[in-house]
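Peer 1:
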Ligand code: ADP
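Residue numbers (mature numbering (1 follows the signal peptide of the UniProt record, and there is no 0)): -30 to -1, 1 to 608.
(1) If you draw a straight line from the C-alpha of residue 548 to the C-alpha of residue 493, how long is it?
(2) Consult DSSP for residue 173 and reduce its assignment to one of helix, strand or coil.
(3) With burial defined as no fewer than 16 other Cβ atoms inside 10 Å of the residue's Cβ, what is the status of residue 479: buried or exposed?
(4) Evaluate contact between the stretch 164 to 177 and the stretch 140 to 153, counting only Cβ atoms and requiring at least three cross-stretch pairs below 8 Å.
(5) Secondary structure at residue 525, three-state DSSP: helix, strand or coil?
(6) Classify residue 90 as buried or exposed, calling it buried when 16 or more other Cβ atoms lie within 10 Å of its own Cβ.
(7) For residue 15, is the classification buried or exposed, using 16 other Cβ atoms within 10 angstroms of its Cβ as the cut-off for buried?
(8) For residue 495, does the three-state DSSP call read helix, strand or coil?
(9) Between the alpha carbons of residue 88 and residue 139, how many angstroms are there, rounded?
(10) Cβ atoms of residue 76 and residue 29: under 8 Å apart, would you say?
(11) So, helix, strand or coil for residue 613, using DSSP?
(12) Just checking my contact of residue 513 with residue 561 at CB under 8 Å: how many whole Å lie between their CB atoms?
(13) Select from 568, 567, 500, 517 the residue whose C-alpha is nearest the C-alpha of residue 582.
(14) Start and end of the alpha helix (DSSP H) containing residue 256?
(15) For residue 245 and residue 224, which I take to be in contact (beta-carbon distance under 8 Å), what is that distance rounded to the nearest angstrom?
(16) Is any heavy atom of the ligand ADP found at a distance shorter than 7 Å from the C-beta of residue 407?
(17) Going by alpha carbons, who is nearest to residue 541 out of 557, 495, 508, 551?
(18) Going by the CB atoms, is the gap between residue 128 and residue 206 shorter than 8 Å?
(19) Do residue 586 and residue 567 have their beta-carbon atoms positioned less than 8 Å apart in this structure?
(20) Is residue 540 near the ligand ADP, going by C-beta to nearest heavy atom under 7 Å?
(21) With a Cβ-Cβ cutoff of 8 Å, do residue 446 and residue 484 count as a contact?
(22) Is any heavy atom of the ligand ADP found at a distance shorter than 7 Å from the C-beta of residue 548?
(23) Would you check if the distance between the CB atom of residue 327 and the CB atom of residue 310 is smaller than 8 Å?
(24) According to DSSP, what are the bridge partners of residue 468?
(25) What is the DSSP secondary structure of residue 54, counted as helix, strand or coil?
(26) Just the C-alpha distance for residue 475 and residue 590, rounded to the nearest angstrom, thanks.
(27) Where does residue 289 fall in DSSP's three states?
(28) How about residue 230 and residue 199: do their beta carbons lie closer than 8 Å?
(29) Residues in the same chain with beta-carbon distance under 6 Å from residue 83, minus the five sequence neighbours each way, listed in chain order, please.
(30) Please report how far the alpha carbon of residue 258 lies from the alpha carbon of residue 285, in whole angstroms.
(31) Roughly how many whole angstroms lie between the Cα atoms of residue 511 and residue 467?
(32) When DSSP builds the beta bridges, which residues end up paired with residue 309?
(33) Compute every distance between the C-beta of residue 529 and the non-hydrogen atoms of the ligand ADP, then say whether any falls below 7 Å.
(34) Considering only heavy atoms of the ligand ADP, does any lie closer than 7 Å to the CB of residue 535?
(35) Enumerate in chain order the residues of its own chain whose CB-to-CB distance from residue 319 is below 8 Å, with the five nearest sequence positions on each side excluded.
(36) Going by C-alpha to C-alpha distance, which of 253, 264, 508, 61 sits closest to residue 34?
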């Protein structure tokens, strides 16, 4: 409801109610809901009637604390002869309401109003009556109503509907008036013709199509042209052949495919396919009647004589869908006109399509996302595979070098043996020949010593490179490592590095493979010495120590070398991670796999000040005797 109309409605209600207060004995005091008779002029199920009775009932139930008990009776005067049936109807209703206390009667429409005026005293004595939904013009003609009646008329503003037709069809000069053969139908057709003739006299031809059957109406309408013809429909309760209709049904049957707009003044005509009109809103009238009734039933002591409220004004209403079908623009009607079937905003009209599109877009996005993810994973896998391939190539190259070293060691071992034999032979020959040249003697012993040293290196290298199955035997941790330091010592000496050993686990035994344990020490020591390559003399110290820790023993190899940047700690034990020009990046990864094979662990940490220490932890061999001795050996070998 528009704001202006709502205000008018409130004003009208206030006025009528003010006048009506006191007509009804208040029912509020009793615990029973007030009893209200709704007497309709038309068929109670006719849309025009139903809209009003429903609105009245809703308002009464909303506004009254106990609601209202309503009874519905119909005169059905549009389609049946009231004169003929009134005696029986009167008898029926009198019997029906005999002994019943009725608080209010609401007569809806002309026939009901007439019936109530004639018979209310006999059927509902002393009960106030509201007469509603009667045209103002009819009310004026139909004579006086008793003083206890409250009248709520509506105004049929035919001239306003004609003005709307003129605005929508500015070129039309022919007006066709459709109406039925019933008395009321004829009355409305007369009114239309009169309004068209007394108005702006634009209509050069006014035709009455009276009482035509629906097929006839359709056939005639089909021949019209919207450029010159406008059609105004009043009511058709009856055609000339005696067929009965509800007026809105006729609209429904003729408006659907008519090539011209059909105008009318009931909102339900528009719902059925009429184009526009200055509309009397039935529902609004019902609500207004309900509000007046509710106020009356709530009770007020003041008493007034008969009154008539201001008629409910008609207002412009247009069916946008129909105008669109006919290719007529609704713009000329202005902003105050109420739109019916106005197109929904696109998102509401096409919400299904939009939902499907969104779903498709969502599904596509999901697929694209999944594919992108798959591609990213595939690329990562490819990169990983490429790295693995490169690693493998390097590994096999390194393995070949290992094999080669083994055979070189073997090949070099033989000539070394020969050198030693020959040195011994030369020594013997010199002694037997009586040559005792001390210088020659010294040269021979140098050759022997160096050959022996070289042989020693070869032997150790062979031991390391021998392909042996790992054998875990209980070994004395310190003893095995001490033997391995013998391999480190010459190298340390060569590099000018002080080697300090602190063996602190005495006879502690671990389950280990000796060769692998020695390899750990060698790898860690070589790395430590590499790290001190450029260190100052005071820092060139390699400390190898052992100690007890957490149910196991630890080997600590510490240096004062370059140290390791924090971010590189994580990568140290990765295979092929190296920062050295000629590094293999295998040393520490071998150390880690050996540690893990021995159920131990290896870790690295920076030393305070400078350098790094690597710690290998191994569990003690089961049933190990208590450590009894502690030996500290310290030596410098420069
Ligand atoms: P490689 O010695 O062939 O480089 P490793 O696996 O033995 O391979 O060592 C990997 C890397 O770890 C070395 O290149 C070096 O950068 C670093 N590293 C190992 N030990 C030390 C250490 N004691 N001090 C500083 N850096 C070290």
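All C-beta atoms in this analysis are idealised placements derived from N, C-alpha and C, irrespective of residue type, glycine included.
Peer 2: According to the structure shown:
(1) Going by the C-alpha atoms only, they are around 13 Å apart.
(2) Of the three classes helix, strand and coil, the one that applies to residue 173 here is coil, per DSSP.
(3) Flag for residue 479 reads buried.
(4) Result yes; three or more Cβ-Cβ pairs closer than 8 Å.
(5) Strand, per DSSP.
(6) Buried is the call here.
(7) Counting the other CB atoms within 10 Å of its CB gives residue 15 a total below 16, which places it among the exposed residues.
(8) In the three-state reduction of the DSSP assignment, residue 495 falls in the helix class.
(9) When only Cα atoms are considered, residue 88 and residue 139 end up about 45 Å apart.
(10) Taking 8 Å as the Cβ cut-off, residue 29 and residue 76 do not qualify as a contacting pair.
(11) Look at the range of the chain in this structure, -30 to 608, and you will see that residue 613 is not part of it.
(12) Taking 8 Å as the upper bound for CB-CB distance, residue 513 and residue 561 are not in contact here, some 17 Å apart.
(13) Residue 582 has its Cα closest to that of 500, out of 568, 567, 500, 517.
(14) Taken as a continuous stretch (DSSP letters only), the alpha helix (DSSP H) holding residue 256 covers 252 to 268.
(15) Wrong, their Cβ atoms sit about 12 Å apart, outside the cutoff.
(16) Every heavy atom of the ligand ADP is 7 Å or more from the Cβ of residue 407, so no.
(17) Ranking the options by Cα distance to residue 541, first place goes to 557.
(18) Residue 128 sits away from residue 206, with the two beta carbons spaced by 8 Å or more.
(19) Residue 567 is not a Cβ neighbour of residue 586, given a cutoff of 8 Å.
(20) No, since every heavy atom of the ligand ADP falls outside the 7 Å radius drawn around the Cβ of residue 540.
(21) Cβ distance not < 8 Å, so residue 446 and residue 484 don't count as in contact.
(22) Yes, Cβ of residue 548 sits closer than 7 Å to a heavy atom of the ligand ADP.
(23) Judged by beta-carbon spacing, residue 310 lies beyond the 8 Å limit of residue 327, meaning their Cβ atoms are not closer than that value.
(24) DSSP, once it has assigned bridges, lists 511 as partnering residue 468.
(25) Three-state result, residue 54: helix.
(26) Distance between the alpha carbons of residue 475 and residue 590 is about 10 Å.
(27) Strand at residue 289.
(28) A contact, by the Cβ cut-off of 8 Å.
(29) The residues are 77, 101, 104.
(30) A straight line joining the alpha-carbon of residue 258 with that of residue 285 spans about 16 Å.
(31) When rounded, the distance between both Cα atoms is 6 Å.
(32) Paired residue(s): 288.
(33) Checking the Cβ of residue 529 against the ligand ADP gives yes.
(34) No; taking the cut-off as 7 Å, the Cβ of residue 535 has no heavy atom of the ligand ADP nearer than that.
(35) By the criterion of a C-beta distance shorter than 8 Å, residue 319 is surrounded in its chain by 313, once the five residues flanking it on both sides are discounted.
(36) The shortest Cα separation from residue 34 among 253, 264, 508, 61 belongs to 264.
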